[in-house]
Amino acid sequence: MTIGLVPLEGGGYTPPGTHDFEWGSVWPGVLPDWVNKPLLQAVIGALLVILFWYLGSRKLKVQPGRAQFFFEYVYEFVRNGIARDILHSEYRRFLPYLLALFSFLLVNNWFGEFFFFMYPTFSNVGYAYGLALVSWCVYVGAGFHKWGPGFLKKALIPEGVPGYLLPLVVPLEFLATFITRPITLALRLFANLFAGHLVVLVFVVGGGFLLTYADNLFYNVAGGVSFLFSIIILMLELFIGALQAYIFTVLTAQYVSTSIAEAH
Numbered sequence: 005m006t007i008g009l010v011p012l013e014g015g016g017y018t019p020p021g022t023h024d025f026e027w028g029s030v031w032p033g034v035l036p037d038w039v040n041k042p043l044l045q046a047v048i049g050a051l052l053v054i055l056f057w058y059l060g061s062r063k064l065k066v067q068p069g070r071a072q073f074f075f076e077y078v079y080e081f082v083r084n085g086i087a088r089d090i091l092h093s094e095y096r097r098f099l100p101y102l103l104a105l106f107s108f109l110l111v112n113n114w115f116g117e118f119f120f121f122m123y124p125t126f127s128n129v130g131y132a133y134g135l136a137l138v139s140w141c142v143y144v145g146a147g148f149h150k151w152g153p154g155f156l157k158k159a160l161i162p163e164g165v166p167g168y169l170l171p172l173v174v175p176l177e178f179l180a181t182f183i184t185r186p187i188t189l190a191l192r193l194f195a196n197l198f199a200g201h202l203v204v205l206v207f208v209v210g211g212g213f214l215l216t217y218a219d220n221l222f223y224n225v226a227g228g229v230s231f232l233f234s235i236i237i238l239m240l241e242l243f244i245g246a247l248q249a250y251i252f253t254v255l256t257a258q259y260v261s262t263s264i265a266e267a268h
């Protein structure tokens, strides 16, 4: 029998690892394995985002109260700090997606710091790849919508490149535009959240083991320090979760900008 990763019998210690990021069905024997905790968090996160912006758009006043001011601050942060700065005159078409993307990322990243969840959804790499694929469809679709089949020429053949270099440049541009962008977008998000959550696990589980270690004051003190340090890391993870949501949204906007720009 175990509590967390610390066995109740035998006094051993199993360090946290990748197995702590593997989830089975929330209802074994009834629902399939893919209906797991990360999926439920993604659904809850989407519902929270819808509810947040529904409440934020109701009963708007010329002179906003505190709640409306908060909603407007988040909206203007994405509109002015990301969409308009990067996409300029065409930002309005992509603002709803960028706003929803940032909100969804932020909520799911912060799930890792709330005790009811205690797991950032995108520390599961499949969800990070899925969201990166959606952004890939947005910026590639935006390019084809504006330029038609000519988007491939703009994406693969930079202006001013000599013809004899095209056999080398075209494959590299294809990899950069259509392959490496979504992969690096997903892996950057996944790696930061995975590493941060694993560090928290190490300090919490290791600290709990040392704190309850019998007849060893040094270990007990070290365990208490570890617990206190884990709280500091949790605060840091709140910042990292917000930062990764911002970076993912900025890069998505930047990729859309390169797809619809007049010059490549």
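Every number in our numbering is 4 more than the matching position in the sequence shown, counting from 1.
Beta carbons are placed, not taken as given, at the ideal position from N, Cα and C, and that holds for glycine.
Predicted model, so just to flag it, every value in this text is computed and none were measured.
Assignment of residue 35 by DSSP, reduced to helix, strand and coil, places it in the coil class. For residue 198, the CB contacts under 6 Å within the same chain, skipping 5 residues up- and downstream, are 127 in chain order.
Check the Cα spacing between residue 224 and each of 195, 215 and 176: the tightest is with 215.
For residue 28 against residue 40, the beta-carbon gap comes to about 6 Å, under 8 Å, which counts as contact. Look at residue 122 here: in three-state DSSP terms it is coil, with no helix or strand label. Here residue 224 carries a helix assignment [DSSP, helix/strand/coil]. Residue 146 sits away from residue 108, with the two beta carbons spaced by 8 Å or more. Membership of residue 27 in any alpha helix (DSSP H) is not indicated, and neither H nor E is assigned to it by DSSP.
For residue 219, the three-state secondary structure derived from DSSP is coil. Looking from the CA of residue 208, the closest CA among 196, 188, 221 and 233 belongs to 233. Taking C-alpha positions only, residue 92 is separated from residue 86 by approximately 10 Å. The closest CA to that of residue 205, considering only 94, 116 and 67, is found on 116. Of the candidates 84, 58 and 83, 58 places its Cα closest to the Cα of residue 72.
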